[in-house]
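In terms of full-length UniProt numbering, the sequence shown has 6 at position 6, counting the first letter as 1, and numbering is strictly consecutive.
Beta carbons: idealized from backbone N, C-alpha and C, even for Gly.
First comes the structure, then the notes that go with it.
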Amino acid sequence: MAAASNRPEFVKVLMINGHANATILDGRGRVPYFLASADKQREAFRLARGSLGEDYCSWDEDAKVGPALSDADLQAKKAKAAEKKRRQRQRQKEKKAREKNEEERETLRLKAEEERNRQMEEAKRVRDGLQAKPACLCCDFCGKRVKRRSDMLRKLQYVYCTTECVKRHQRELMAARAEARMK
1 MAAASNRPEF
11 VKVLMINGHA
21 NATILDGRGR
31 VPYFLASADK
41 QREAFRLARG
51 SLGEDYCSWD
61 EDAKVGPALS
71 DADLQAKKAK
81 AAEKKRRQRQ
91 RQKEKKAREK
101 NEEERETLRL
111 KAEEERNRQM
121 EEAKRVRDGL
131 QAKPACLCCD
141 FCGKRVKRRS
151 DMLRKLQYVY
161 CTTECVKRHQ
171 RELMAARAEA
181 RMK
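Next up, the structure:
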C-alpha cells in the first residue's frame, strides 16, 4: 500500500522502523518494489536495504529490490546531478554568447554591405549627373521636395516629382551616352 501511495517517506518509515516485509505479493503477484512508480520510492526501498542489511530478507530474488544505497551514495548522486546541471548552464551561457557574437558580426556585415550599396548608388548618381540624394522625399532630378510618397513617379531606380523631370533626365542620360560613344 505504501509503495503505491507515491509517498517515499511512508515506505522508509514502514521498512526501516516498522520492519515491514518487502517480499509480500499483491493480488496480481507483484512485489512492493515494482508498485513504486517514482524514483524516490525506489530509492527508499534501496535505502532500507542498505540500513537493514542483506540478512533481513531475500532482497534480490524475492523482493527484487535494486542494489543497496546509503546516505553518502544519495549525497554523491545529488552532487553529480548538481554538477551536471551547472555544466549544462555553463554550456547554455557559452552558446548564448556565441550566438550573440555571431549576431553582432552579422549585423556589422549587413551594415557594411548597406554602406557599400549606398556608396555604389551615390557613385552611379554622380555618373548620371544627379545631385546627392537627400534623406527626404525629393525628386532625384531637380531635388524638389514632395509631400507624399504617392505623388512621386518611379522609373528604373530613380524617383521623380513630375513627368517633365522624367523626360528631362531621360534626355540628359541619352545625351551623355551619345557623348560617350563619340569619344
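- Here the alpha carbons of histidine 169 and tyrosine 160 stand approximately 9 Å from one another.
- For asparagine 17, the closest of Ala38, Leu25, Ser51, Thr23 by C-alpha to C-alpha distance is Ser51.
- Taking a cut-off of 8 Å for Cβ pairs, the segment 41-61 and the segment 91-107 do not touch, as fewer than three such pairs fall below it.
- Straight through space, the alpha carbons of glutamine 75 and leucine 25 are spaced by roughly 31 Å.
- Spanning the alpha carbons of alanine 82 and glutamate 114 requires a straight line of approximately 47 Å.
- Here DSSP, grouped into helix, strand and coil, assigns lysine 64 to coil.
- Going by DSSP, valine 159 is part of the beta strand (DSSP E) stretching over 158-160.
- With fewer than 16 other Cβ atoms inside 10 Å of its own Cβ, proline 67 counts as exposed.
- Cβ contact annotation for alanine 178 (same chain, cutoff 7 Å, sequence separation greater than five): none.
- Proximity to leucine 47 across Asp62, Arg28, Asp73 peaks at Asp73, based on C-alpha coordinates.
- For glutamine 88, the number of other beta carbons within 10 angstroms of its own is below 16, and it is reported as exposed.
- Around the beta carbon of alanine 38, fewer than 16 other beta carbons sit within 10 angstroms, so the residue counts as exposed.
- Per DSSP, reduced to three states, the secondary structure at leucine 153 is strand.
- Around the Cβ of methionine 182, a 10 Å sphere holds fewer than 16 other Cβ atoms; the residue is exposed.
- In this structure, DSSP gives arginine 28 a state outside helix and strand, which the three-state scheme calls coil.
- In this structure, Glu9 is the residue among Glu9, Gln90, Val166 with its C-alpha nearest to the C-alpha of glutamate 43.
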